[in-house]
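Accompanying notes for the structure given below.
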Amino acid sequence: MNSYIFETIEHHKESPAKVIITSIDHSDYHWHYDYELIMVVKGEIILSVLPEFCLMQEGDIALVNSKEVHGFQNNNQENICLIIQIKNEFFDLSDDKNQAYYFYLNSAKEAVKPRISYTHFQRTLAQIGLESGHMKKTSNLRIQGLIYMLISDLFDYIPHDIQQFANEAVQNTDSEEVLKIIRFIEKHLIYDNLTEELCKSIGMSEKGLYRFLKSTIDMTLKELIDVTRLNHAIYLLSYTDKDNSTIASECGFCNDNTFYRCFKKMYGMTPLVYKNNTADDKKPKRIKEVQGYLDYSKREAFQLLKKYVEIEGGLRLDAYAQD
1158 MNSYIFETIE HHKESPAKVI ITSIDHSDYH WHYDYELIMV VKGEIILSVL
1208 PEFCLMQEGD IALVNSKEVH GFQNNNQENI CLIIQIKNEF FDLSDDKNQA
1258 YYFYLNSAKE AVKPRISYTH FQRTLAQIGL ESGHMKKTSN LRIQGLIYML
1308 ISDLFDYIPH DIQQFANEAV QNTDSEEVLK IIRFIEKHLI YDNLTEELCK
1358 SIGMSEKGLY RFLKSTIDMT LKELIDVTRL NHAIYLLSYT DKDNSTIASE
1408 CGFCNDNTFY RCFKKMYGMT PLVYKNNTAD DKKPKRIKEV QGYLDYSKRE
1458 AFQLLKKYVE IEGGLRLDAY AQD
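Start counting the sequence shown at 1158; every next residue gets the next number (the working numbering).
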């Protein structure tokens, strides 16, 4: 399965954000400097922001903060997602470059609630998504205005912390090290002495590695290995005809029972049930193997986005009629 360490996001030179409407199959763990907002327009996806996982359903919104290690996985359903990646420089409210903002926005968890209704953010995100489908000369200007309003609303209405770092290099080192560890695990899943080889590769003792993972992503090495193995198992169940025993072996599980137990604990179903739910006739066509994107109906996506745009403040739905 393809692995990402650091994702470079290309932006239009005049735009503060990149707007993507797509259907997600999977995205391996990665990080980037951008702040990323995800809105599920149809279906469900599993969002992993280490060390936590959550099921995002239609209408849910989440924000992945700058440099957070994260990934996506479909949940046996066709899905359409709106993704907005905003340059982190637009979140600089001070001249202190060693300062960063951490926002708590995830409607699927609601551990910390915003000071305004989620529908406010749904409407803004939907407007951005709809404008991205236009070829009008003014569309980019409208998107820029909406992005600036969105950033302002995040600061005004979303609880957030200010993180202070000793220097800019410290901000990046931990994320890079975590992804280096994940990449090694992905490449050596079947090793019997995986922990020993990993410690040699990264130059840490087993105790030092345990402390590092607990302090950065609040996971033990065993938990991280199990999650990585299950991610690979999901891929094999979805896109190969291999039986459960073969998949368990190729993912490094010591036996079928361990694979069964871990899989059911994580996904709430057995591997066989998952495989049957992703039969060939139910799987969308993959259009980008590396990114894990799937084909989807653009017309359906824009029709679904329109329902979040209300007629108020002079905004008309027919303003978003597709050209």
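Glycine included, C-beta positions come from ideal geometry on N, C-alpha and C.
Distance between residue j and residue i (C-alpha atoms, nearest Å)
{"i": "M1426", "j": "D1249", "result": "44 Å"}
{"i": "I1374", "j": "N1433", "result": "33 Å"}
{"i": "G1290", "j": "I1177", "result": "10 Å"}
{"i": "H1317", "j": "D1185", "result": "26 Å"}
{"i": "I1315", "j": "V1269", "result": "9 Å"}
{"i": "Y1465", "j": "A1283", "result": "6 Å"}
{"i": "D1398", "j": "N1233", "result": "16 Å"}
{"i": "I1203", "j": "E1209", "result": "10 Å"}
{"i": "K1344", "j": "I1359", "result": "14 Å"}
{"i": "Q1460", "j": "W1188", "result": "31 Å"}
{"i": "L1462", "j": "N1263", "result": "19 Å"}
{"i": "L1381", "j": "L1387", "result": "10 Å"}
Any non-hydrogen atom of the ligand SAH closer than 8 Å to residue i Cβ
{"i": "N1236", "result": "In terms of ligand content, the structure shown is empty, and the ligand SAH therefore cannot be addressed."}
Proximity of residue i and residue j at Cβ, strictly below 9 Å
{"i": "L1307", "j": "L1194", "result": "yes"}
{"i": "L1351", "j": "L1366", "result": "no"}
{"i": "A1219", "j": "V1198", "result": "no"}
{"i": "Y1424", "j": "Y1431", "result": "yes"}
{"i": "S1223", "j": "A1257", "result": "yes"}
{"i": "D1182", "j": "S1395", "result": "yes"}
{"i": "Q1320", "j": "M1196", "result": "no"}
{"i": "I1241", "j": "K1175", "result": "yes"}
{"i": "L1346", "j": "G1409", "result": "yes"}
{"i": "T1276", "j": "L1303", "result": "no"}
{"i": "C1411", "j": "D1383", "result": "no"}
{"i": "C1238", "j": "S1172", "result": "no"}
{"i": "I1342", "j": "Q1230", "result": "no"}
{"i": "K1244", "j": "Y1305", "result": "no"}
{"i": "R1272", "j": "D1331", "result": "no"}
{"i": "E1363", "j": "E1353", "result": "yes"}
Residue interval of the beta strand (DSSP E) (run including residue i)
{"i": "H1183", "result": "1183–1187"}
{"i": "L1204", "result": "1201–1206"}
Residue range of the unbroken alpha helix (DSSP H) whose run includes residue i
{"i": "Y1396", "result": "1378–1396"}
{"i": "V1269", "result": "First-last for V1269: undefined, no H or E at that position."}
{"i": "H1291", "result": "Taken as a continuous stretch (DSSP letters only), H1291 belongs to no alpha helix (DSSP H), as it is neither H nor E."}
{"i": "N1297", "result": "1296–1314"}
{"i": "I1419", "result": "First, the residue type needs correcting, since residue 1419 is Cys and not Ile in the sequence shown. First-last of the alpha helix (DSSP H) with C1419: 1413–1424."}
{"i": "C1356", "result": "1351–1359"}
{"i": "L1429", "result": "1428–1434"}
Sheet register partners of residue i (DSSP bridge)
{"i": "Y1192", "result": "I1243"}
{"i": "L1250", "result": "In DSSP, L1250 forms no bridge with anything."}
{"i": "Q1320", "result": "A1257"}
{"i": "I1374", "result": "Answer is none; I1374 lacks a bridge partner."}
{"i": "L1220", "result": "L1194"}
{"i": "K1399", "result": "DSSP lists no partner for K1399."}
{"i": "G1228", "result": "S1205"}
{"i": "K1175", "result": "Q1242"}
{"i": "Q1214", "result": "E1201"}
{"i": "I1237", "result": "K1199"}
**Item:** Cβ pair count under 8 Å reaching 3, the segment 1296–1304 against the segment 1328–1346
**Value:** Short answer: they don't touch.
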